[in-house]
Structures are given as structure tokens and as C-alpha cells.
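Q: Its first residue numbered 9, the sequence shown is counted upward by one per residue in our numbering. C-beta atoms are modelled at their ideal positions from N, C-alpha and C, and glycine is treated no differently. Mind having a look at this structure? Questions to follow.
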Amino acid sequence: MSYVDEVIAQVIKENPAEPEFHQAVLEVLESLRPVIEANEEKFRRDALLERLVNPERQLKFRVPWIDDNGQVHVNTGYRVQFNSAIGPYKGGLRLHPSVNLGIIKFLGFEQIFKNSLTGLPIGGGKGGSDFDPKGKSDREIMAFCQSFMSELFKYIGADTDVPAGDIGTGAREIGYLYGQYKRLKGMFEGVLTGKGLSFGGSLTRTEATGYGLLYIVEELLKCHGQEIAGKTVVVSGAGNVAIYAIEKAQQLGAKVLTATDSTGWIYDPDGIDVAALKEIKEVRRQRLSEYKNYRPNSEYHEGKGVWSVKADIVLPCATQNELDLEGAKQIVANGTKVVAEGANMPTTVEATEYLQKNGVLFLPGKAANAGGVATSALEMSQNSERMSWSFDKVDAKLKGIMVGIYHNIDDAAKKYGLDGNYVAGANIAGFEKVADAMNAQGIV
Ligand code: NDP
Ligand code: 2IT
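Below you can see the structure in the form of C-alpha cells.
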């Protein structure tokens, strides 16, 4: 059996009931075959892949908190510190009822390669909890965040592990988490990113993932003799990534037709009204069905179905495995030219293969949504030098990073004869830097 196949078999055997983690590992290791097979004996002797797929450390802890009626609840908290070869662990905290260890491991594993692709010194990690922030009062959110941090603070720090936002964790949650960390540690340090601007946050971090997604799509199109202006776009999600992807797409002259949340989706033939979307989601924390009150010409549909809308560009920005084979077939039939992942692993393996085989230019999340974590690393730099950079300075750096990522993954794919396979290119380019650092640091 080849070394890659041996490690895939081990991962499946040793991590039962973690299908998302298997999916993420399989995708990366399949891409790495040409790299590993060129030097198989050395990789096998050093157990490089076993070290890569086993987190350096995984923490699981109890999070008790009291609701507004005096009832005590107990959630489970996680932090997976996956790989620190190139820098402190870095990655978000997801608060969603679906969270379990396998989901945090898939996200932490992806983060290793994504963070490497940014070119900045950040390792891979992820955390979160099965706590559901929906429908909770501000006081309940604060109670949860304080309890979560009362355990997590022992294991993180500005030079060891720097968490940030993800699904269900936005500016409000980061504020409460930061306040509790500072209180317990007695230290004002850049231990979280996505902080408020009044206490060490970076301009552009809120916008960064969505804006970065459009910057890399812009470069992809440019290298294929096209531009974003005049294109139609389908977006899924209505959270942080989706909102700022829609905003930047429209600034660049595209028309975004859709957004989704977990209950349904909207279609606006005149282009999504971003101000209305922000009001509904960021301020009022309401369902998307409210959008019709702002835009009578729009449609609201319960449930799924957004991939049936015809567009030139499709940007899945909600959650893992939301775009399946059936959706991919609709997208191809609609003549879509580009699919770029704003979310982490939103496209199933079968859907990805179908899109690639049918000539769709496909950018994987590791590359396409790396703008968020890259800007988090810029926030860390600003905190270290006790400075704040202007919006334009951070935005220009973000754009430079996204353009750089596109060429890095394009070159890596070409180097192995896989021209246009950006999945392989991202996995290979991300891996090469991490593997080099792991080799140089000996068996640790
Ligand atoms: P938010 O919580 O701000 O928004 C998530 C959006 O996706 C909401 O509209 C939510 O709907 C929807 N959603 C979440 N889970 C599901 C589900 N199981 N089924 C259907 N819809 C769902 O999160 P973000 O925008 O921050 O994150 C979106 C994606 O982008 C995630 O995959 C995340 O890992 C990834 N990402 C985020 C980055 C960041 O900087 N925030 C950086 C890079 C990647 P509802 O409100 O109804 O639950
Ligand atoms: O998936 C991701 O890259 C994020 N949720 C952002 C992580 C970060 O540390 O900014």
C-alpha cells in the first residue's frame, strides 16, 4: 500500500464517527500524492503525514452557564491546537449546535494549509462549542462567553494560540471573551482577533473574508481575460462572510442576486440591498424573511434551492457541505464560470469533482477565504507594535495577499502538471511550507 493510502486508512480507523475530518484529510492527502510519492521513503521514515494529521493537542471542557430564568446549562467547549510549525495556533471559535470534535478537527486541519498560504507566520487551530447563540439574550451570551473563557484562558496567549470569530462568533462574542481573558490574566495582549476598534481591533477585519474572496476571484478572472463588472453572482449565507462578499462584489460592478440563512433564501432581481441585509442580520439579528419588507420586488423561499438561480459566479459562504452534487449539476447547467468558496469546505467531494470536470473555475476555501485569517494576522502585528493601521493600508495588504495566493496556488498546480486544478495547487503550496518547517524542527 502507498504511504498516502496507509495514512488515510489510519485516519479513518483511529477517528471513527468524524466524517467531516475524514473528508478534509482525504482531500488534502489525495492532492499531495505527487509530492509524497516523489520522496516517499523519507516522508514515511519521518512519519511526516502521521504528525500532520494528529493534532499537537486537543482540549475538551465543560462550559456551565445560567440562563435568564436561573436554569443551569452545560455545553461542551473545544480547542484543537493542530499545528504550530510556522507560528502560534490561529483560527476561529465556532458557536453552533452542530459543533463536535470532528467538525473542529476538520476546521483546524484546513486552517493549517490556509494559514500557510497567507504567507504569514500563523499555525493552525480551531475551537468552539455546541452552544446555540440564536434567541439568547445579551446577558446569556455574556454568561456563556465568560464561562467558556474561564477554562480556555489557561491554554491561549498572544504568542501561543490566538482565537477569533467563526459561525456564531462575531464582534459581540469576541468582546465578552476578551473582557474575561483580560480580567483573569490581568494582561492586555493581542490574544484574540476580530476585536472592537476601541480595544485593539484592526480596521478591515470585519470585511476581510468577504472582500478577500472577491479580490482573489477578480485576479482569477483577470488571468482568464475577464472582469467582475457586469457579472451576476449567487451567494449563500447571510453572515459575516456573505455580507461583505456581497458588498465588495457590488462595489466591483457585479449584481448579487441571492443570500441564504438556515431557514430560507432570498432572490432580489435588482441586486441585494446590503444596507437592508446588514440591518436585518447585524443589528436586529432577524430571519431573512424580513428582507421582503425592505424590498417588495424580492422573493423569499423557505428551505434550500439557491443553486437553481442562474449566475456567472457562485460563492458559497454559509457552511460545510451545503453545495452537493445536485447543486453542482444545476450550476453547470446554468453556465456558471466560477465557483469560489467563502465558507470552509462548503462543496462536497462529488460536487467539486463535477464542477472541475465540467470546466468551472473552482477556488477552494483554503485559498479563497484566507483573507479573514490573513487580516487577523495583520491585527496581531498591529497589537505587537501597539499601532493601528488605516483602513486603506490594511485593505491594500489584504488585496496583495489574495493576489499572491492566487499565483502561488496556480504555480503549484502547474509545477505538478495539474494546470487549473486550484484544489491541488492550494493543498500542495500550503503543505510545502509547513513540511519544510516541520523537517527543519526535527521530530517534535
Ligand atoms: P456567521 O455566523 O456570521 O454566518 C453564517 C451564515 O451561514 C448565516 O447566514 C447562517 O444562517 C448560515 N448557516 C450557518 N450554519 C448553517 C447551516 N448548518 N445550515 C444552513 N445555513 C447555515 O458565520 P461566518 O459568515 O463567519 O462564516 C460562514 C462560513 O465562512 C463558515 O464556513 C466559516 O467557517 C467560514 N469562514 C469564516 C471566516 C470569518 O472570518 N468569519 C473566515 C473564513 C471562513 P443562520 O443565521 O440562520 O444560522
Ligand atoms: O475559518 C477561518 O479562517 C476563520 N474563521 C478566521 C480565523 C481567524 O483567526 O481569523
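Give me whichever residues DSSP pairs with residue 321 in a beta bridge.
A: On the sequence shown, position 313 is the one that residue 321 refers to. According to DSSP, residue 321 bridges with 241 and 346.
Q: Please say whether residue 406 and residue 212 have beta carbons closer to each other than 8 Å?
A: What you label residue 212 is simply residue 204 of the sequence shown in a count that begins at 1. What you label residue 406 is simply residue 398 of the sequence shown in a count that begins at 1. It is a contact, given that the beta carbons lie within the stated cut-off.
Q: Shortest alpha-carbon distance to residue 139 belongs to which of 414, 48 and 74?
A: Position 131 of the sequence shown, counting from 1, holds the residue named residue 139. Minimum Cα distance to residue 139 is reached at 74.
Q: At the level of alpha carbons, what is the spacing between residue 371 and residue 434?
A: Start at 1 with the first residue of the sequence shown, and residue 371 comes out as number 363. Start at 1 with the first residue of the sequence shown, and residue 434 comes out as number 426. Near 9 Å, if we compare the C-alpha coordinates of residue 434 and residue 371.
Q: Does the Cβ of residue 382 lie closer than 7 Å to at least one heavy atom of the ligand NDP?
A: As a working note, residue 382 is residue 374 in the sequence shown. Incorrect: residue 382 has no Cβ contact closer than 7 Å to the ligand NDP.
Q: List the DSSP bridge partners of residue 355.
A: Within the sequence shown, residue 355 is the residue found at index 347, counting from 1. Residue 355 pairs with 331.
Q: When you compare each of 38, 430, 283 and 390 to residue 375 by their alpha carbons, which one comes out closest?
A: Mapped onto the sequence shown, residue 375 falls at position 367. Closest by alpha carbon: 430.
Q: Is it the case that the CB of residue 174 approaches a heavy atom of the ligand NDP more closely than 7 Å?
A: To locate residue 174, count along the sequence shown from 1; it is residue 166. Residue 174: yes, Cβ under 7 Å from the ligand NDP.
Q: Could you have a look at residue 123 and say whether DSSP puts it in helix, strand or coil?
A: The residue given as residue 123 occupies position 115 in the sequence shown. If DSSP states are grouped into helix, strand and coil, residue 123 belongs with the helices.
Q: Using a Cβ-Cβ cutoff of less than 8 Å, which residues in the same chain neighbour residue 420 once the five nearest sequence positions on both sides are dropped?
A: Position 412 of the sequence shown, counted from the start, is the residue given in the question as residue 420. The answer, listed in chain order, is 432, 433, 434, 436, 437 and 440.
Q: First and last residue of the beta strand (DSSP E) that includes residue 87?
A: Residue numbering aside, residue 87 sits at position 79 when the sequence shown is read from its first letter. Unbroken beta strand (DSSP E) run through residue 87: 80-91.
Q: Do the CB positions of residue 379 and residue 133 come within less than 8 Å of each other?
A: Numbered from its first residue, the sequence shown carries residue 379 at position 371. Numbered from its first residue, the sequence shown carries residue 133 at position 125. Cβ atoms of residue 379 and residue 133: not closer than 8 Å.
Q: For residue 381 versus residue 130, is the C-beta spacing smaller than 8 Å?
A: For the purposes of this step, residue 381 is taken as the residue at position 373 of the sequence shown. For the purposes of this step, residue 130 is taken as the residue at position 122 of the sequence shown. Against a cut-off of 8 Å, the Cβ pair of residue 130 and residue 381 comes out as a contact.
Q: Would DSSP call residue 439 helix, strand or coil?
A: As a first step, residue 439 is located in the sequence shown; it is residue number 431 there, counting from the start. Correct three-state label for residue 439: helix.
Q: Between the alpha carbons of residue 1 and residue 13, how many angstroms are there, rounded?
A: Because the chain in this structure spans residues 9 to 452, residue 1 falls outside the shown range and cannot be described.
Q: Can you list, in chain order, the residues of its chain whose CB lies under 6 Å from that of residue 237, leaving out five sequence neighbours each side?
A: Counting from 1 along the sequence shown, the entry for residue 237 is found at position 229. Once the five neighbours on either side are set aside, the close Cβ partners of residue 237 are 261.
Q: Using only the heavy atoms of the ligand 2IT, determine whether one of them is closer than 7 Å to the beta carbon of residue 113.
A: For the purposes of this step, residue 113 is taken as residue 105 along the sequence shown, with counting starting at 1. No, the beta carbon of residue 113 sits no closer than 7 Å to any heavy atom of the ligand 2IT.
Q: Which residues mark the beginning and the end of the alpha helix (DSSP H) in which residue 452 is found?
A: Locating residue 452 in the sequence shown gives position 444, counting from the first residue. Per DSSP, residue 452 belongs to no alpha helix (DSSP H) and is neither H nor E.
Q: Go through its chain and collect everything with a Cβ distance to residue 67's Cβ below 7 Å, but skip five positions before and after it.
A: Here the question's residue 67 lines up with position 59 in the sequence shown. Result list for residue 67: 86, 87 and 163, in chain order.
Q: Just checking, does the stretch 295-303 make contact with the stretch 325-340 on the three C-beta pairs under 8 Å criterion?
A: Contact between the stretch 295-303 and the stretch 325-340 is absent, because fewer than three Cβ pairs lie under 8 Å.
Q: Distance, Cα to Cα, residue 52 vs residue 32?
A: Reading the sequence shown from its first residue, position 44 is the one you call residue 52. Reading the sequence shown from its first residue, position 24 is the one you call residue 32. Approximately 21 Å between the Cα atoms of the pair.
Q: What does the alpha-carbon distance come out to for the pair residue 59 and residue 100?
A: As a position in the sequence shown, residue 59 is number 51, starting the count at 1. As a position in the sequence shown, residue 100 is number 92, starting the count at 1. Spanning the two alpha carbons is a distance of roughly 22 Å.
Q: If I'm right that residue 392 touches residue 198 with Cβ under 8 Å, what's the distance once you round it to whole angstroms?
A: Taking the first residue of the sequence shown as 1, we reach residue 392 at position 384. Taking the first residue of the sequence shown as 1, we reach residue 198 at position 190. That pair is a contact at about 7 Å.
Q: Are the Cβ atoms of residue 1 and residue 307 separated by less than 8 Å?
A: Outside the shown range of the chain (9 to 452) lies residue 1, about which nothing can therefore be said.
Q: In the DSSP assignment, find the unbroken beta strand (DSSP E) run with residue 65 in it and report its ends.
A: Against the sequence shown, residue 65 aligns to sequence position 57. From DSSP, the beta strand (DSSP E) with residue 65 extends over 65-74.
Q: Mind checking whether residue 175 and residue 81 have CB atoms under 8 Å apart?
A: The residue given as residue 175 occupies position 167 in the sequence shown. The residue given as residue 81 occupies position 73 in the sequence shown. No, the Cβ-Cβ distance between residue 175 and residue 81 is not below 8 Å.
Q: Who are the near neighbours of residue 4 in its chain, counting only those whose CB is closer than 8 Å to its CB and skipping five residues on each side?
A: The question about residue 4 has no answer here: the residues shown for the chain are numbered 9 through 452.
Q: Give me the Cα-Cα distance between residue 267 and residue 54, rounded to the nearest whole angstrom.
A: Along the sequence shown, one-based indexing puts residue 267 at 259. Along the sequence shown, one-based indexing puts residue 54 at 46. Going by the C-alpha atoms only, they are around 47 Å apart.
Q: Are there any heavy atoms of the ligand 2IT lying less than 7 Å away from the beta-carbon of residue 83, as far as the coordinates show?
A: As a working note, residue 83 is residue 75 in the sequence shown. Residue 83 Cβ: outside cutoff for every heavy atom of the ligand 2IT.
Q: Can you give me the Cβ contacts of residue 110 inside the same chain, cut-off strictly under 6 Å, excluding the 5 residues immediately before and after it?
A: Counting from 1 along the sequence shown, the entry for residue 110 is found at position 102. Cβ within range, chain order: 26, 28 and 29.
Q: In the DSSP assignment, what are the bridge partners of residue 310?
A: Start at 1 with the first residue of the sequence shown, and residue 310 comes out as number 302. Residue 310 pairs with 272.
Q: According to DSSP, is residue 378 helix, strand or coil?
A: Taking the first residue of the sequence shown as 1, we reach residue 378 at position 370. Helix at residue 378.
Q: Residue 7 bridges to which residues according to DSSP?
A: This structure gives no information on residue 7, because the portion of the chain shown stretches from 9 to 452.
Q: Since I believe residue 64 is in contact with residue 90 (beta carbons under 8 Å), could you give me their beta-carbon distance rounded to a whole number of angstroms?
A: As a first step, residue 90 is located in the sequence shown; it is residue number 82 there, counting from the start. As a first step, residue 64 is located in the sequence shown; it is residue number 56 there, counting from the start. At roughly 7 Å, the Cβ-Cβ gap stays under 8 Å, so residue 90 and residue 64 are in contact.
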